[in-house]
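Reading through the structure tokens given below for one structure.
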Ligand SMILES: Nc1ncnc2c1ncn2[C@@H]1O[C@H](COP(=O)(O)OP(=O)(O)O)[C@@H](O)[C@H]1O
Ligand SMILES: [Mg+2]
């Protein structure tokens with residue numbers, strides 16, 4: 002089988018205007034525009050096979066979006082060869098569009114004022130989607146995530162989560178071979194994230210769609226991707242199965258608590274909450290050697306390795322001891338995992 006995406010020694014360099022400081026600098030800038038070169042992507046080579054779901058990870062500014070823009074044909078590489086669906090993306094933008102779908106988090110591709118179903122009809126015309134395929138897809142979407150109740154709602158009246166869901170449905174509507182998703186789950190709550198994971202995973206499996214996903218949420222990657230590629234400062238630093246990295250994120254969970262203040266608590270005494278919880282957990286879970294308790298203002302934060310102590314058991318113990326007024330379960334960020342990989346000497 003041939004790769005559906007082939008990138009070979011791709012560079013992308015941007016020419017950026019050098020800005021001088023202060024008023025004098027701004028005036029100088031008006032007369033002479035000095036440019037510097039910024040290398041956003043540096044010698045990236047990637048082969049992606051049909052049907053793969055790849056997590057494309059990296060810190061902010063690493064070059065993820067630039068890579069995706071080259072794959073979709075929005076940007077032309079400065080150097081190197083790129084083929085998507087057997088075509089050079091930037092030379093065949095119209096033809097290429099027929100075979101790809103794109104989702105950019107927080108930026109909708111749908112018509113703002115129209116009910117979603119009207120946007121879908123426009124897309125049906127643009128992509129010449131056969132009636133049968135169109136109808137089947139709408140039914141399938143409804144079956145998967147109950148999308149039917151959103152079809153007649155205007156996009157501007159939707160929550161961010163509903164809109165993102167519809168954006169993803171729109172991207173898959175013409176049964177493209179590849180779908181690119183650039184931070185689709187940014188700003189979404191846990192239940193909407195989980196709905197989106199179900200949707201994308203089912204679409205990938207039932208249609209064999211290749212998916213390239215960037216995200217800061219390790220939970221997304223864990224739920225969807227077998228393979229992850231990590232890019233840092235424009236260079237690929239890791240390309241392998243997610244399984245090899247599981248020890249860096251798999252068992253770790255973070256939970257934050259805010260407790261009801263005792264009447265006698267003064268501001269200075271809040272710091273003792275973390276000590277109190279640390280002592281309690283050390284007593285209740287002697288095996289949990291890597292458990293960390295930290296405090297940031299009114300929040301007490303726990304980092305739990307679930308191989309040592311179950312999250313639910315820890316929460317129960319804390320609840321027995323203290324009155325909780327707010328609690329927040331957090332996802333492990335991809336940044337944290339990348340940092341651990343560096344520290345762990347894998348790279
Ligand atoms: N159109 C552009 N012009 C100049 N610099 C850009 C442009 N797009 C991105 N960059 C720069 O390229 C680098 C990589 O950006 P990007 O690919 O958006 O990173 P990521 O998506 O991983 O956060 C950043 O330093 C960014 O500022
Ligand atoms: Mg980006």
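Numbering (the working numbering), first residue to last: 2 to 348. Yeah, the Cβ is synthetic: ideal placement off N, Cα and C, and Gly gets one too.
Next on the checklist: I want to check one thing, is the minimum distance from the CB of residue 154 to the heavy atoms of ligand 1 below 8 angstroms?
Outcome noted: Flag unset: Cβ of residue 154 not near ligand 1.
Item to check | Span of the beta strand (DSSP E) around residue 1 | outcome: Examination of residue 1 is not possible in this model, given that the chain is present from 2 through 348 alone.
Checklist entry - Do residue 71 and residue 8 have their CB atoms nearer than 9 angstroms? => result yes
Next on the checklist: Here's the rule I'm using: 16 or more other beta-carbon atoms within 10 Å means buried, otherwise exposed. How should residue 66 be labelled?
Outcome noted: buried
Item to check | Same chain only: Cβ atoms within 6 angstroms of residue 53, ignoring 5 sequence neighbours per side | outcome: 211
Item to check | Through-space distance from residue 326 to residue 145, alpha-carbon basis | outcome: Distance between the alpha carbons of residue 145 and residue 326 is about 35 angstroms.
Checklist entry - Exposed or buried, which one is residue 192 when buried takes at least 16 other CB atoms within 10 Å? => result Residue 192 counts as exposed, since fewer than 16 other beta carbons sit within 10 angstroms of its beta carbon.
Checklist entry - Are the beta-carbon atoms belonging to residue 44 and residue 110 less than 9 angstroms from one another? => result no
Item to check | residue 184 burial status per 10 Å Cβ neighbour count (16 or more: buried) | outcome: buried
Next on the checklist: If contact is defined by three or more beta carbon pairs under 8 angstroms, each pair taking one atom from either stretch, is the region 248–259 in contact with the region 304–317?
Outcome noted: yes
Item to check | Reference residue 91, options 102, 100, 76, 81, closest by Cα | outcome: 76
Next on the checklist: Would residue 103 and residue 156 be called neighbours here (beta carbons separated by less than 9 angstroms)?
Outcome noted: no
Checklist entry - In chain order, what are the residues with a CB under 7 angstroms from some non-hydrogen atom of ligand 2? => result 65, 66, 183, 184, 215
Checklist entry - I think residue 315 touches residue 258, with their Cβ atoms under 8 angstroms apart; what is that distance to the nearest whole Å? => result Actually they do not touch by this definition, with Cβ atoms about 10 angstroms apart.
Next on the checklist: Can you tell me whether residue 163 is helix, strand or coil according to DSSP?
Outcome noted: Here DSSP, grouped into helix, strand and coil, assigns residue 163 to helix.
Next on the checklist: Taking the beta strand (DSSP E) that residue 297 belongs to, which residues open and close that run?
Outcome noted: 293–297
Next on the checklist: Just to confirm my understanding: we take residue 198, look at its own chain, exclude 5 residues before and 5 after, and list those with CB closer than 7 angstroms. What are they?
Outcome noted: 221, 224, 225
Item to check | Proximity of residue 101 and residue 48 at Cβ, strictly below 9 angstroms | outcome: no
Checklist entry - Nearest CA to the CA of residue 233: which residue from 107, 172, 42? => result 42
Checklist entry - beta strand (DSSP E) containing residue 117: first to last residue? => result Per DSSP, residue 117 belongs to no beta strand (DSSP E); it is in the alpha helix (DSSP H), 117–127.
Next on the checklist: Quick check on the burial criterion: 16 or more other C-beta atoms within 10 angstroms. Buried or exposed for residue 278?
Outcome noted: buried
Checklist entry - Is residue 295 buried or exposed, if buried means 16 or more other CB atoms sit within 10 Å of its CB? => result exposed
Checklist entry - Counting Cβ pairs closer than 8 angstroms, one from the region 9–25 and one from the region 77–84, do we hit at least three? => result yes
Checklist entry - How is residue 68 classed by DSSP in three states: helix, strand or coil? => result helix
Checklist entry - If you measure from the CB of residue 232, is any heavy atom of ligand 1 nearer than 8 angstroms? => result Result yes, Cβ under 8 angstroms from ligand 1.
Checklist entry - In three-state terms, what does DSSP make of residue 14? => result strand
Checklist entry - Who are the Cβ neighbours of residue 242 in its own chain at under 7 angstroms, not counting the five residues just before and after it? => result 227, 228
Checklist entry - When every heavy atom of ligand 1 is checked, does at least one fall within less than 8 angstroms of the C-beta of residue 151? => result no
Next on the checklist: If distances are taken between C-alpha atoms only, which option among 123, 312, 337, 162 comes closest to residue 106?
Outcome noted: 162
Checklist entry - Exposed or buried, what is residue 283 when buried is set at 16 or more other beta-carbons lying within 10 Å of its beta-carbon? => result exposed
Checklist entry - With residue 194 and residue 186 assumed to form a contact (beta carbons below 8 angstroms), what rounded beta-carbon distance in angstroms separates them? => result 5 angstroms
Next on the checklist: Within the continuous beta strand (DSSP E) that includes residue 36, where are the two ends?
Outcome noted: Residue 36 -> beta strand (DSSP E) spans 36–49.
Item to check | Distance CB(residue 385)-CB(residue 179) smaller than 9 angstroms | outcome: Coverage of the chain is limited to positions 2 through 348, which leaves residue 385 absent and any answer about it impossible.
Item to check | Residue from 262, 123, 147 with nearest C-alpha to residue 298 | outcome: 262
Next on the checklist: Please identify the residue among 50, 286, 320 whose C-alpha is closest to the C-alpha of residue 213.
Outcome noted: That would be 50, whose Cα lies nearest to the Cα of residue 213.
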